[in-house]
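Asks: Chains as they are written, first to last, in our numbering: chain A, 4 to 387; chain B, 1341 to 1507.
Built from N, CA and C at the ideal position, the CB exists for glycine as well.
Here the structure is a predicted model, which means the values were calculated and not measured.
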Amino acid sequence: MLEIMEGSHAVAEIVKRCRPQVISAYPITPQTHIVEDLAQMVANCELDAEYITVESEFSALSACLGASAAGSRVYSATTSQGLILMAEVCFNAAGMRQPIVMTIANRSLGAPLSIWNDQQDSIALRDSGWLQFYAEDNQETADLHMIAYKVCEDHDILLPAFVCFDGFILTHTYEPVDLPSQEEVDAYLPAFTPYHRLDAAMPLSMGMYATPEYYMEFRYEIDRAMHRARDAFIKAGREFNEQFGRDYSSLVEGYRLDDADVALIAMGSICGTAKDAVDEMRDAGRKVGLLKIRTYRPFPGPEIADALKDVSTVAVLDKNISLGNGGAVGTEVKAALYGSDIAVYDYIIALGGRDVRKRDITAVVDLAEKGEGDMFYGLRTEVL
Amino acid sequence: MTAAELIAFAAFEGGVYAQAFPAFGVERRGAPVQAFVRFSDKKIRLRSQVYEPDYIIVQDSTLIGDVDVFRGMKPGSIAIINTEKPDFDGRVPEGVKVYVVDATTIALEELGVPITNTTLMGAFAAATGEIKLESLEHALRNRFSGSMADKNVSAAERAYSLIGGAA
């Protein structure tokens, strides 16, 4: 049943129904409401979990890592500087193959200090070995948490995941969300069965020292698991659709791409605004569509190439910047389309919370059609 | 933001999709803040702020002059302004219908505090017809309990009746 609620509350409610056994997190804007809600649920005995309060994000994810290694289903949430403080633990969690699920309430990084949204934080952890899922709205955000646990805990995968949703734009927005009941979540997501865990009766080491004879093979195995996660995500998404009637059985989602000349590519909440802009452009007779990237890791290169094989021009909206090179999504889309004759242009947009309107999306399409791209969009040149 | 959230809740109760969100990052009582609400028969995908409002609610009329509260309003749109002075000093764009309500006094009398969210919701419901009084009451009883719910409902009803007479 659809109910109107804040995005952060929807996340807390679905996380509760995923039955994490250990939660550790440190509050940071705009993630705070999620962990406040969960702390209250634990205090009220609505959620039978250990909630470990800590003094920093580094400790929060370290506590999660230990609890996961001991065989628990664990959860955390963070954003921005908090995620960057976790960076070392992020690499360790992936390397130790612990299926931790963490919500990222996407926010820009300082300096200059900004509490507002872009996706620089999770993009900065691109190479950490975590799966990265991006949600367009609060329904998709909630649903992707269930899928994330299912994919991560698959014994063929055993990797951690970020479920990313845009800070403030989704975290603080009240909109209708249909939350599955506890029984429905239980039917979709069985209890966690660890593949291996810390056990005094059967001692083992995790995250140990690997000499040059072994290190590369560990990295290779992580990379293979990341690639296997493509099929695991599709399978988990298909099962989700069968049970709940919402389709996440693809790493990408096309919107009005049939017969499109120009395709926009984007991740996260900007896709909603872009869909409305596409509708307006279609009404005006322009052949424009959108390809939404749902999983940034694993990156859906083959899916992008397949979905866009008939377009002439691609405009990528990047809410991040790899300083000195361009947007992270645009760079990877160009690699995915290498060898085709499709013109791919990248637009750095909406950094630090700058608002994006339908007319901005249309203006980007105008630029792409003129062959102008690989640029920041919407700069206030008067303050430069 | 509380008012926006409650209006969205009440509108959704009335059978339309609704979305409410703050102008992010500066939510604190006493500072000029904005929050936005959209209603639609279809699922709402648009995430930008509202630049051309059909309706505005001004919770503190002393903002008028410092902030162009009427910006983007078109003829036929409606402004609801909390003020003690019906003849407030502000340039209203042509064709914008203005309702004034002394929500602060109503809130002080009904709630004992000058928090005008729920009073202005009553005024909004009456002035725009976008939400029904019973949806509004349901939203308030969902948010508040016991005597606080009763007090907020009567504050909203007083403003609803006042504006209802004028509309």
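(1) Just verifying my parser: in three-state terms, what is the DSSP assignment at Ile-1404 of chain B?
(2) Taking Thr-1444 of chain B as the reference, give the member of B:Arg-1411, B:Glu-1477, B:Gln-1399, B:Lys-1382 with the closest Cα.
(3) Just mark Leu-116 of chain A as buried or exposed, buried being the case when its beta carbon has 16 or more other beta carbons within 10 Å.
(4) Spatial neighbours of Ala-63 of chain A within its chain, please: CB distance less than 6 Å, with the 5 preceding and 5 following residues excluded, ordered by chain position.
(5) By the criterion of Cβ-Cβ separation under 7 Å, what are the contact partners of Tyr-1357 of chain B in chain A?
(6) With DSSP collapsed to three states, give me the class of Asn-47 of chain A.
(7) Give the secondary structure of Val-68 of chain A by DSSP, where H, G and I count as helix, E and B as strand, and everything else as coil.
(8) Roughly how many angstroms lie between the CA atoms of His-12 of chain A and Ala-1348 of chain B, to the nearest whole one?
(9) For Arg-362 of chain A, which beta-bridge partners are listed by DSSP?
(10) Could you check what DSSP says for Lys-337 of chain A in three-state terms: helix, strand or coil?
(11) Could you say if the segment 82 to 100 of chain A and the segment 205 to 212 of chain A meet the contact criterion of at least three C-beta pairs nearer than 8 Å?
(12) So with CB distances below 9 Å, who are the chain B contacts of Arg-360 of chain A?
(13) For Phe-1349 of chain B, return the contacting residues in chain A, with the cut-off set at a CB-CB distance below 7 Å.
(14) If you reduce the DSSP assignment to three classes, tell me which class Asn-323 of chain A lands in.
(15) Can the beta-carbon of Ala-1495 of chain B be found closer than 7 Å to that of Glu-1450 of chain B?
(16) On the DSSP bridge assignment, give the partners of Ile-1396 of chain B in chain order.
(17) For a contact meaning CB atoms closer than 8 Å, what does Phe-1361 of chain B contact in chain A?
(18) Are Asp-159 of chain A and Arg-231 of chain A closer than 7 Å when you measure CB to CB?
(19) Mind checking Phe-302 of chain A: buried by the 16 CB within 10 Å criterion, or exposed?
(20) Please name the residues in the segment 262 to 278 of chain A whose beta-carbon is closer than 9 Å to at least one beta-carbon of chain B, in chain order.
(21) Run down chain A in chain order and give the residues with a C-beta less than 7 Å from the C-beta of Phe-1352 of chain B.
(22) Could you compute how far the alpha carbon of Met-8 of chain A sits from the alpha carbon of Pro-1362 of chain B?
(23) Let me know if Asn-323 of chain A comes out buried or exposed under the rule of 16 or more other beta-carbons within 10 Å of its beta-carbon.
(24) Give the interface partners of Glu-1477 of chain B over in chain A, defined as CB-CB distance under 7 Å, in chain order.
Replies: On the basis of the supplied data:
(1) strand
(2) B:Gln-1399
(3) exposed
(4) Ser-27, Ala-28, Tyr-29, Val-57, Ser-79
(5) Pro-179
(6) coil
(7) The amino acid occupying residue 68 of chain A in the given sequence is Leu; Val does not appear at that position. Three-state result, Leu-68 of chain A: helix.
(8) 16 Å
(9) None, per the DSSP bridge assignment.
(10) helix
(11) yes
(12) Leu-1386, Ser-1388, Gln-1389, Tyr-1391
(13) Ile-7
(14) coil
(15) yes
(16) B:Ala-1419
(17) Phe-171, Ile-172, His-175, Thr-176, Tyr-177
(18) yes
(19) buried
(20) Ser-272, Ile-273, Cys-274, Gly-275, Thr-276, Ala-277, Lys-278
(21) Ile-7, Pro-179
(22) 14 Å
(23) buried
(24) Within 7 Å Cβ-Cβ: nothing; Glu-1477 of chain B doesn't reach chain A, min ~16 Å.
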